[in-house]
Each structure stands twice: as structure tokens, then as C-alpha cells.
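To start, the structure itself, in C-alpha cells.
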Amino acid sequence: MSSAVGDAVGGAAQGGPVGGGRQGQLRSSGLRPGWTTGACATAATKAAYTALLGGGFPDPVVITLPKGERPAFALAVEELAPGRATAGVVKDAGDDPDVTHGALVRSTVRPGPPGSGVVFRAGPGVGTVTKPGLPLAVGEPAVNPVPRQLMREAVAEVARQFGASGDVEVELSVDHGEEIARHTWNPRLGILGGLSVLGTTGIVVPYSCSAWIDSIRRGIDVARAAGHTHVAGATGSTSEKVVVAEYGLPEDALLDMGDFAGAVLKYLRRHPVPRLTVCGGFAKLSKLAAGHLDLHSGRSQVDKAQLAALAGEGGASAELAERVAAANTALEAVQLCTAAGVPLGDLVAERARATALGVLLGAPVTVDVICIDRAGTIVGRAAPKGP
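Residue 346 in this note's numbering sits at position 316 of the sequence shown; the count goes up by one each step and never skips.
Put into C-alpha cells, the structure is as follows:
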């Protein structure tokens, strides 16, 4: 699911962009693309400001995205009152499993003081930044830089059309946004009170998991800004609990890595933290040991032949190595070796650590790895050798 924040509840009759490009390529692949929260907020803002200036609510409303696409959005809400106008768009994430798919994104536009430009406010369901390290100042509404720029451009376009100043207050809200945000990274990142308004291209690419990867990066940014010297990338909630029990790390030093080991390592290569612990299930980390950076079962598989070879290096007999190669699961393989006194778990952890160091390319990050079973028992670990 898209974790960082999102867009969410209903269904919308929205046309495609003028032209083809990535949208056409995705449709030909059988996957239906969608729209980011930022694109929906931009459409709602343009419609509301047009109505505020006396032009009525354009429906559908067409906006221009950063790469030139021009999608049209149907309006789900139209409200005009003295001194304000509100428009709403239901987010359609296409075929992406976005936690905010179907959310009603609203924009209320009011006149601002002369020379104020476009000022953003967080309405109900949109979060506020409370920790440093994000691309927004503490106290600002969680509306990311690209959506802000899209909305400024939309306001300027409408202002030119009607001969207005473009000085407005834009209050963004998302119905049920605070509840939806509990299923995102926002609370851990210090974005409180609701969702973020996200997007860099305006288009949601199905199964790109871009929001999750972006949240990993923001998590590292927040940890660095907080001065943490030790962070942990965990593949799930059980491994996260193990890390906390082992090291007592605070919540904002925990990275919800999931299957995206590569995203953690590549971002730390450019933005290092002195120590990284990678903790996860034995099967997933055996994939990292084999050089895979995406640990999802649909994109990488456990190499039991490699596990058998490692077991042999660890002293396993030929018979045991054959049993490892024929094991039903990676967990069965490590259990067979543990019973025979062969440290397969440690060997996999060490090989996974070597993969991680290879991706870090000499960045000043010390790495240790912990492998666990489904119950959270540590079955292998690797750390730098002492002096």
C-alpha cells in the first residue's frame, strides 16, 4: 500500500490526460494508472478559485501536470459562500493498492491580503509537520513542494483569466484523513492530524510503491535531523520488535523497510547514518544474501541451492546439504542446520551484510544484520569484526 500519505474514499469519473505518454503505456500493459493527492488537490483548488472569482465551478476541471499531461477531474463537491469557495475531488489511484484510494480531497479558497501570494492551511484530515528533516518547515501543513507549485501555477492561471491578484488562502482537507493516516508512516515521521498531500509527477504508477520508498527516505531524513546515530531497517513488525528489544531504539530511528532493502541502502549511501541494523525474517534476508535488493516474493525467490552451498561451507555433510537443497522452505533449511550445529543463520546474515556493504559503496555506515524466525527468535546475526 502507499504508506506515506495519500488520497482516498469513493469513485470518480475522471478523464485521461490529453495525449498518451506514460498513461498510454500503462494502459496497454493492462494496469490502470491513477492520480496523486497533489493532483486532486490542484484540480479542486483551480475549480474553487474559478468559482470564487465568479466563473462558476468548471466540471470537469483540467490541470497541467509537471510533464505536460492535462488530466480532467470530475467534481464531487461544489460549495460557494460569501468570501470562500470549496471544491472536492475523489482520489482515484487506478490499479495501485493505495491506502488513500477513494478519499475525498477538498480545497477551500479564500481571498488573501494583497501581496500575500498563495498561503496553504491544513484543514481537517491534512497533517501538520512537527519534526525537522522533512522538506517542509515545522508547523507547516503537510503539503509537499511539487503539489504546492502545481497549485500556485493553477491559481496564477485563473488569476490571469479573471484579472485577479492571485493572493489567496488555500485550505486543504481530506475526509476521514486523520483515520486513514494511522495506516501510513505519517505519525512516525512527525506529521500529525492527518494525511500528507503528495506527488511529484501527479500520476500514480500501479505497484511502483513510490510512496513507500519515499517514506523510507523521509524516515532517514527525520532520523538524521533528530541526531540519531543508529537506525534500523526492519522487514516487518516482528523484526521491528526484535530490534527494539535488542537496542532500545526510539520510534523515529525505525525504518519500515518492508521488502525495499535497496531503497534503504541506496539512500543511506547518499545520506549516511553511522550505524544501520538490518533485521528480518530468515527467508527474506537469504534473498538479500543472494544479492536481491527487492525482497518481495513476486520479485525474488529463495535460492535453496545457495543455502545448501553455504551450509556446506559451514561444515554440513553432503547428506545435510542435500536436505537443505530439498527443503520446503528457507525456515526448514535453517532449522535442519541448527539441529546439526551448522551456523547457516550466521552465514546468511554475513552474506546479507556483504551485499549491504556492496550497495553502500564505502559510505561511512557500520552494518549489522539479524535474521529471525516467524516467532521472533534470532537464528543468525552478523556484525563487524572487533579490533
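We treat Cβ as the ideally placed atom computed from N, Cα and C, and that holds for glycine. What you are looking at is a predicted structure, and each value in this text was computed from that prediction instead of being measured.
* Going by beta carbon distance, what residues of the same chain come within less than 6 Å of Ile233, once the five residues before and after it are set aside? -> In chain order, Pro63 place their CB closer than 6 Å to the CB of Ile233, counting only its own chain and leaving out the 5 sequence neighbours on each side.
* To do: Using a threshold of 9 Å, state whether the C-beta atoms of Leu164 and Asp286 are closer than that.
  => Between Leu164 and Asp286, the gap from beta carbon to beta carbon reaches 9 Å or more.
* Check whether the Cβ of Arg305 lies closer than 8 Å to any heavy atom of the ligand MN, and answer yes or no. => In terms of ligand content, the structure shown is empty, and the ligand MN therefore cannot be addressed.
* Asked: With 16 other CB atoms within 10 Å as the buried threshold, where does Phe192 fall?
  -> Classification for Phe192: exposed.
* Does DSSP put Ile210 in a helix, a strand or coil? -> Here Ile210 carries a helix assignment [DSSP, helix/strand/coil].
* Asked: Is Glu281 helix, strand or coil by DSSP?
  -> Reduced to three states, the DSSP call for Glu281 is helix.
* Who are the near neighbours of Tyr297 in its chain, counting only those whose CB is closer than 8 Å to its CB and skipping five residues on each side? -> Once the five neighbours on either side are set aside, the close Cβ partners of Tyr297 are Ile246, Arg247 and Ile250.
* List in chain order: all unbroken alpha helix (DSSP H) runs of 4+ residues lying wholly within the stretch 54-103. => If we require 4 residues or more, the alpha helix (DSSP H) runs fully inside the stretch 54-103 come out as 67-82.
* **Closer than 9 Å to chain D by CB, Leu361** => Looking for chain D here will not work: only one protein chain is present.
* Which same chain residues, not among the five before or five after Ala319, have their C-beta less than 6 Å away from its C-beta? -> Only Val378, Arg381 and Ala382 meet the Cβ criterion.
* Starting from Ala264 and walking both ways along the beta strand (DSSP E), at which residues does that stretch end? -> Where Ala264 is concerned, the enclosing beta strand (DSSP E) starts and stops at His260 to Ala264.
* **Which listed residue (Val397, Phe312, Leu306 and Thr268) has its alpha carbon closest to that of His258** => By alpha-carbon distance to His258, the top candidate from Val397, Phe312, Leu306 and Thr268 is Leu306.
* Inter-residue spacing [alpha-carbon to alpha-carbon] between Gly113 and Val129 -> Cα-Cα distance, rounded: 34 Å.
* Could you say which of Pro414, Lys121 and Thr368 lies nearest to Ala384 if we only look at CA atoms? => It is Pro414.
* If you draw a straight line from the alpha carbon of Thr158 to that of Thr116, how long is it in whole angstroms? -> Looking at the two C-alpha atoms, the distance is approximately 21 Å.
* Bounding residues of the beta strand (DSSP E) (the contiguous stretch that carries Phe192) -> For Phe192, no beta strand (DSSP E) segment is defined; the enclosing uninterrupted segment is the alpha helix (DSSP H) at Pro175 to Phe192.
* Does the separation of the CB atoms of Pro171 and Val227 fall below 9 Å? -> It is a contact, given that the beta carbons lie within the stated cut-off.
* Asked: With C-beta atoms as the reference, is Ile243 less than 9 Å away from Ala293?
  -> Taking 9 Å as the cut-off, the beta carbon of Ile243 is found closer than this to the beta carbon of Ala293.
* Helix, strand or coil at Asp128 [DSSP, three-state] -> Here Asp128 sits in strand by DSSP.
* Where Pro144 falls, given that 16 or more other Cβ within 10 Å makes a residue buried -> With a threshold of 16 other beta carbon atoms within 10 Å, Pro144 falls short and is exposed.
* Would you report the Cα separation of Ala280 and Val273, rounded to the nearest angstrom? -> The identity of residue 280 in the sequence shown is Pro, whereas the question assumes Ala. The straight-line gap from Cα to Cα measures roughly 10 Å.
* To do: Enumerate, from N- to C-terminal direction, the unbroken beta strand (DSSP E) stretches of 3 or more residues contained entirely within the stretch 325-411.
  => Listed in chain order, they are 396-402.
* To do: Determine the burial state of Asp122: buried for a count of at least 16 other Cβ atoms within 10 Å of its Cβ, exposed for fewer.
  => With 16 or more neighbouring CB atoms inside 10 Å of its own CB, Asp122 falls in the buried class.
* **CA-to-CA distance, Ala77 to Arg190, given in whole angstroms** => In a straight line, the C-alpha of Arg190 is about 14 Å away from that of Ala77.
* For the beta strand (DSSP E) containing Val308, list its first residue and its last residue. => Where Val308 is concerned, the enclosing beta strand (DSSP E) stretches over Arg305 to Gly311.
* Using 10 angstroms around the beta-carbon of Arg212, count the other beta-carbons present and answer buried if the total reaches 16, otherwise exposed. => That one is exposed.
* Specify the secondary structure class of Gly118 as computed by DSSP and reduced to three states. => Taken through DSSP and simplified to helix, strand or coil, Gly118 comes out as strand.
* To do: With distances taken Cα to Cα, identify the nearest neighbour of Lys317 among Cys309, Ser330 and Val308.
  => With distances taken between Cα atoms, Lys317 lies closest to Ser330.
* For Val354, which residues of its own chain have a beta-carbon under 8 Å away from its beta-carbon, when the five flanking residues on both sides are left out? -> Cβ within range, chain order: Lys334, Leu337, Ala338, Ala341, Ala346, Ala363, Leu366, Cys367 and Leu374.
* Asked: Quick one: what does DSSP say Asp251 is sitting in, helix, strand or coil?
  -> It is helical.
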